[in-house]
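*Asks:* Mind looking over this structure? Questions follow.
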Amino acid sequence: MRVGVFICHCGNNIAGTVDVKAVAEAIRKIPGVAYATTYMYTCSEPGQDEIKQAIKDHNLNRIVVAACSPRMHELTFRKTVEKAGLNRYYFEMANIREHISWIGEDKEANTKKAIDVVKMAVAKVMQDRPLYSSSFRINKRVLVIGGGVAGMQAALDCADGGLEVVLVEKSPSIGGMMSRLDKTFPTIDCSICILGPKMVDVAQHDKIKLYAYSEIDEIKGYVGNYQIKIRKKATYVDWTKCTGCGACMEKCPSRNAYDYFNFGVAPTKAINIPFPQAIPKKAKIDPNYCRHFTKGKCGVCAKICPTKAINYEMQDEIVTEEVGAIIVATGYSLLDLEKLPEYGGGRYPDVISGIQYERLLNASGPTAGHILRPSDHIEPKTIVFVSCAGSRDKSIGIPYCSNFCCMYIAKQAILTKDHIPDSQSYVFYMDIRSPGKGYDEFTRRAQEDYGVKYIRGRVSRIYPKGKKMVVKGVDTLLGSQVEIEADLVVLGTAVLSNPDAAHLAEKLHISYDTFGFYVESHPKLRPVETNTSGVFLAGACQGPKDIPASVGQGSAAASKVLALFSKDMLESDPAVAKVDINKCIGCLKCVRTCPFQAIKDKELRDGRIVADVIETVCAGCGVCTSTCPCGAIQLQHFTDNQLLAEVNALCLA
Amino acid sequence: MTELGFLKKENLVEFLKELATKSVVYVPVADDDVVAFKLFQENSTICLDRPANIPPKTVIFPQYETLLTFTFSKKEEQPDKIDVKIQEKMDFKDTVIFAARPCDAKGFTVYDRVYKDSDIPDPYYVGRREKTVIIGFSCPNVSPGCFCTAVGSTPSDKEGSDILMTEVSGGFVLEPVTEKGKAVIQSKFIEDGSKYLEEAQKKQEDVKNKVKNPFKKAGKPQISQEKFNDDSFWELALSKCLSCGACTFLCPTCYCFNITDENKIWEAERLRSWDACMFPHFTLEASGHNPRPTKFHRFKNRVGHKFLYYPEKYNGVLACCGCGRCIRYCPVSVDISKVVDELSDTNSENKTLTSNGGEA
Amino acid sequence: MSGLENKEMKIVGFLCNWCSYGGADTAGVSRFKQPTDLRIIRVPCSGRVNPLFVVKALLNGADGVLVSGCHPRDCHYSDGNFYARRRLEMLKRLLPFLGIDHRRFHYTWVSASEGARWQQVVKDFTEVIHKLGPLNLTREA
Amino acid sequence: MSVDKLKDAVKQILNEVDIVIGYTEGFDKVHATPLFINTQDKVDQLIWDQRCVHNLASYLPSLKRKKVGVIVKGCDSRTIVQYIQEGLINRENVKIIGLPCSGVISLKKLLKAVDFANIDDITFEDNGNVNVKTEKETKTLSLMDIAPDKCKTCQYPTPLIYDILIGDPIKSDKPKESVYEDIIEFDKKSLEEKLAYWQKVFDRCIRCYACRNACPMCVCQDSCIAESREPHWISQRATLTEKFMFHLIHTVHLAGRCVECGECERACPMGIPVNTLKRKINLEMKELFDYVPGVNPDDKPPMYTFNVDELKIKEHKIG
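Residue numbers (the working numbering), protein chains in the order written: chain V, 131 to 783; chain G, 16 to 375; chain C, 4 to 144; chain S, 1163 to 1481.
Below you can see the structure in the form of structure tokens.
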């Protein structure tokens, strides 16, 4: 055994609080360590060359790098040792930066800890065994979950790249949040005018198979070979027959259905097509309001439908699709007004959310683009916008910034002036966050050219006074109380993850943060990857973001899939469970506990039953290894002996 | 050697205390009804009225011992060169085993032939053996499963002991067997014991007569090769065997061991630990092949070793002292004496047993 | 460096790669200062942590053992931490029966984003182990 | 119950199976020993009384590929139920002869009761009296005084699973709460006392593995990690650390699986209370998952399953 150990200074990041030379000296004394040195930046090209050279010069056969987190650079160095002719699993990383130098102030204690941690890594590397990947075929189809602008972009880019795409959208039409917007900042161009053509492209692309009003039921498999069960929810309208003529919607007697598309600004019909540009442009019955379902009689739509598309007996249908990669673009949701009782959210009709206001501004919205306040349908003259309505508020568990509210509030204030020239808008803000290209100029225009009054301070209370809403707040710049009698109040409500985000994450085996936003593999360097290989993120499901960022991520995720699919075969991770058939007693407890059904029973020639791992299905969690009483099934690279070597190096030595 | 000694009962602890000033003294101690040989302490609850659960073989042939230690070191300028210092662990102390039952003492003679008096003596065994004085204790009664008389011994057998101690009213008669033993009774607590000789002999005879002989025929059991090699015999006789090591580990004549190396970072040691032919690992080969794959093969070896192979090698001497522990403590009461009796050749005449378990 | 021998306790941490190890990384990136006693062993999943690893560590000289995985429902392998939870709870309840203070073993859930939480866990656990002092289960050196 | 009925049943079953496992006379008057019956002429060797302590179900997994008849007491039957839960036997290959039982003897307790004297004869009366004759005296003991602890709190005197039941079913008259009274009592001791206790008893261990091999649920046998180097959990040192480790391996592997037959401690030649730790875990399993091993064939052993929401497992505070 000839172990080489490389201890990284990481500039001053490690060497500042760890005596790296002392670590190298202590480690050099370990029997089996043939070489130990320090280097300024081990991950740099010369640093990696140094490792390769040392492997050659000192005939090293195992390598330990003590540096940053293996989550950062394990792969980098595995490739380095492989280039030098070693098996990539003859490598261990000791984390002396994130886990030591950055968190401990006492240099002596840090150095002692670093010696221990490197010693443990040396003990482990001595137990490491070479592992070899096998390769398997990739199914070059991709599933995109979510038909908002990020998902559509991802789907189109993949499809244009020649991949077959399965696009699943939970609502009846693709388009997402962007399809609800009137205009977009900072260009004030019509949202649906730029989105519409993309929606049509999706619909018409022969490589894209669209499942609207559908959800993911079950995901099985692994990168390259997923089996997806998709639930096509019952629409009660046979979409193969429906022409989208709208006759049913016109005649439907149930007029008080909740309008999801318009966020309840006005009611819609129990059978409806959500908006004129909807894709697919098909009708759908809401059984919560349809008289056929609630009262047991009606049938108007069935009678009126020229193609006899209505089918009250329709059931959910499960279809299975096989794909090799998944792009998650499930978007975001918004904080309920009711969660903001101090602002009268939910209680006063003239306190509305930004997205509702967007629908009032929109020409195809319920008011045909006329700004009429909900309570009495009168045009408001004084409008107050409240930003950070919920956002950046630890007290309600939303400490983060919702990213784009500052910008859309500026946009809405500008549009208000365009719609009602004699109106006056006020904006209560905490900070104006406008870091994008042309963004800051845009918010200045609102103030300077459109006379929007920006008040830096928080609103404490909103309450009605006659027909007005009194907005009480503070102007922190002037240090005075402010009270504005408004006709309409628009709240820039906080951006939340989707309520069922966690549920989907569990199916995908990806992680999500405290707020339900999906966690990317690395916040800077792997922003659209997840820690589950084959699953990528795009858009606001990862965190609040505006349209250009979402579109950018859609394309980025698509390019990741295209890169993944540029090969015909994928290499399997060899760090999977392996059965020693001489030891296995065939109790099959591993089969019982494997979360991936990756273990089956197998009969040997002598009739003995043993466990058998399906390598490509095994995800490498090691539950089987800690379940097996006789140690017959061992997760490679994390075997009992490998982990015991670490425990013993620390405890016994 | 007939300078009989006598130790008054009330002087027992004082005598042991005196011994303990010069030697490490092991005595049978009862704890939670379990009797085992432990280091003598003034408050030890010495138990003489029944045999220890585990014989005192642990003293001379410990359950595990470190044979060697390896210490690794390196020179600063040559990190890829390791120096290994090997050190044998052979510092054995003067030891006394007090109140070994005659069968247990005799067991050591079975070891002696293999580890002491052979062409290649085992220095660890010899080292301990030579420094140990064994004070045998003539059995005051018999225990379930005992069959020493059937294998050529008696409950007052002197072989293997340096002194034989017999309980009489008021104390113990001490009969030195070896020079080593003689030296031990040079003590102010030991009086002249000749007047107790008769009582002691009578007691020994009484107990001897109570020992049951499980064999149908008198004399040394002759095992029939035909039966011994009949697999179906073993399968039927041993179906109940659990293949554990209780019989071997408690046996005063079982001496098999395993050698393993245990590594730490800076040092390592070579261990010797008890092994048992009842364990599958005992004969497991590196290839995965096991020449004794079943418990039947393994028990056959145990019987074979004690009643065929060992006698073949050592002048007909049996490697069984009849202590009965393997029968008494077997979780499923496998009875080796019954197995041997069933195996014995009904056609041939048994040879007479000599007192050392050999043939006349 | 001998001055530290008595100051530091031997604490072993088993952290799942995807959440808690990442959480410890996040704490590091955020420079959340922590006591230095803990030594971390990276495992793929808390479900990989056989309770016997904890036993082994405690018997062989560790003064405290910490296991941390993804929050329930967030396991990278979907179910691993559910098994871990049951098995580690079993051990936690067994230890006092053996005469080992249950506080010497703690299992918890820390996600990759919870750097501050990780810092708190390490601080609190280290403090508890310092209070309990060294553990010598078998009177052997 | 007359032993003749049992013999008749065995004779009948012998037509359908390869072997029937029962009890016969052992090497002395107080010992019974397992009897493997493969021919009709052996049936007459069968005995059935309070000396029949062994859990004969333990042999089933090693005879998985044979058709086997087995005689079980109530406690032993839990082993079979647990085997079924874990898929370790083929139920259709096993014929179970159930015997309701109101208690057996503990050899260890019996010997203590007669001061470890050699026992020449022992007889059992229906009223629970046991007459023991030693070379010194003749003594009448009460069975419950010399019965294993498991009998004193037995909840399952009648087998839970059987094909043939011989004798009338017996209902348990022992309070449910009594089962773990000793465990709860022991747990009240201080940590130092408890640790000192385990140090003392484990120090006696000679690692003969009688407890393991006698344990019906220790199905690894030849593959046990106590003797392997791959994985190398434990060395061959006979130190207290390693003895402790061995017993904890046994305990952890039995977590939620131990059917409390007590064979482990009955088998131990060194008098170690090997079953206690497992029973402590069982107490916790009952509390956490309302699970009792070896009672319901459809149950799932709790360590091999989970609930997404564990109602009884609360997150622990540090310290």
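For each residue, glycine too, the CB sits at the ideal point set by N, CA and C.
#1: Strictly under 7 Å for the Cβ-Cβ distance: is S/S1220 near chain V by that measure?
#2: Hey, does S/M1407 have any beta-carbon neighbour from chain G nearer than 7 Å?
#3: Below 7 Å CB to CB, which residues in the same chain sit around V/R385 once its five sequence neighbours on both sides are set aside?
#4: If you run the structure through DSSP and keep just helix, strand and coil, what is V/T437?
#5: Kindly give me the distance between the Cβ atoms of V/T460 and V/K359, rounded to whole angstroms, as I take these residues to be in contact under 8 Å.
#6: So within the segment 1306 to 1351 of chain S, which uninterrupted alpha helix (DSSP H) runs reach at least 4 residues, ignoring any that extend past its ends?
#7: Measure the C-alpha to C-alpha separation of V/N661 and C/W21 and round it to an integer number of angstroms.
#8: Cutting at 7 Å between CB atoms, please list the residues of its own chain near S/Q1207, excluding the five before and the five after it.
#9: Got a sec? Which residues, its chain only, sit under 6 Å from G/V111 by beta carbon, not counting five neighbours each side?
#10: Closer than 9 Å by beta-carbon distance: list the chain S residues that pair up with V/T757, in chain order.
#11: Is it true that the segment 1316 to 1333 of chain S meets the segment 1267 to 1275 of chain S, where meeting means three or more beta-carbon pairs spaced less than 8 Å apart?
#12: At the level of alpha carbons, what is the spacing between C/A30 and V/L773?
#13: If we define contact as Cβ-Cβ less than 7 Å, is C/K95 a contact residue for chain V?
#14: Does V/D506 come within less than 7 Å of chain C when only Cβ atoms are used?
#15: Can a CB atom of chain C be found closer than 7 Å to the CB of V/S827?
#16: Please say whether G/K279 and V/L780 have beta carbons closer to each other than 7 Å?
#17: Looking only at its own chain, which residues have a Cβ that is under 8 Å from the Cβ of G/Y344, when we skip the five neighbours before and after it?
#18: So, is the C-beta of C/A144 closer than 7 Å to a C-beta in chain V?
#19: State the Cα-Cα distance for the pair G/A215 and G/E182, rounded to the nearest angstrom.
#20: Alpha carbon to alpha carbon, how far is G/V141 from G/P191?
#21: Quick check: the segment 146 to 160 of chain G against the segment 334 to 341 of chain G, are there 3 or more CB pairs under 8 Å?
#22: Following the continuous beta strand (DSSP E) through G/E103, name the residue where it begins and the one where it ends.
#23: For G/Y139, would you say it is in contact with chain B, using Cβ-to-Cβ distances shorter than 7 Å as the test?
#24: Looking only at DSSP bridge pairs, what is V/G351 linked to?
#25: In the structure shown, what three-state DSSP assignment does C/G25 receive?
#26: Which residues in the same chain have their Cβ closer than 6 Å to the Cβ of V/N392, if we skip the five residues on either side of it in sequence?
#27: Following the continuous alpha helix (DSSP H) through V/D570, name the residue where it begins and the one where it ends.
#28: With a 10 Å radius around its C-beta and 16 neighbouring C-beta atoms as the bar for buried, classify V/H767 as buried or exposed.
#29: What in chain G is Cβ-close to S/E1299, meaning under 8 Å?
#30: Quick check: does the Cβ of V/I715 come within less than 6 Å of any heavy atom belonging to the ligand FMN?
#31: Inspect the CB distances between the segment 1225 to 1234 of chain S and the segment 1246 to 1263 of chain S and report whether three or more fall short of 8 Å.
#32: Among V/F315, V/Q334, V/M308 and V/A576, which has the Cα closest to the Cα of V/L802?
#33: Using 8 Å as the cut-off, can you tell me whether the segment 299 to 311 of chain V makes contact with the segment 274 to 285 of chain V, which would need three or more C-beta pairs spanning the two stretches below that distance?
#34: Tell me where the alpha helix (DSSP H) around V/R201 begins and ends.
#35: Taking a contact to mean a Cβ-Cβ separation below 7 Å, would you say V/S483 touches V/L621 in this structure?
#36: For S/E1248, which residues in chain V fall below 8 Å Cβ to Cβ?
*Replies:* So, from the listed chains and residues:
#1: no
#2: no
#3: P397 and K399
#4: Three-state result, V/T437: coil.
#5: The Cβ separation is near 17 Å, so there is no contact.
#6: 1311 to 1314 and 1343 to 1349
#7: 7 Å
#8: T1186 and L1197
#9: L34, S38, V40 and V148
#10: M1465 and Y1466
#11: no
#12: 24 Å
#13: no
#14: no
#15: This structure cannot speak to residue 827 of chain V, because chain V is shown only from 131 to 783.
#16: no
#17: N68, A261, C262 and L265
#18: Note that C/A144 scores a pLDDT of 49, beneath 50, so its modelled location is shaky and nothing firm can be said.
#19: Cα-Cα distance, rounded: 7 Å.
#20: 22 Å
#21: yes
#22: Q93 to E103
#23: Note that chain B does not occur in the displayed structure, where the protein chains are V, G, C and S.
#24: V/Y356
#25: helix
#26: R489 and P496
#27: Y569 to E578
#28: Of the other Cβ atoms in all chains shown, 16 or more fall within 10 Å of the Cβ of V/H767; this residue is therefore buried.
#29: Near S/E1299 there are no residues of chain G at all, since even the closest Cβ is about 14 Å away, more than 8 Å.
#30: Looking at this structure, you won't find the ligand FMN or any other ligand, since it has none at all.
#31: yes
#32: Examination of residue 802 of chain V is not possible in this model, given that chain V is present from 131 through 783 alone.
#33: yes
#34: P200 to K213
#35: yes
#36: C717 and K719, listed in chain order.
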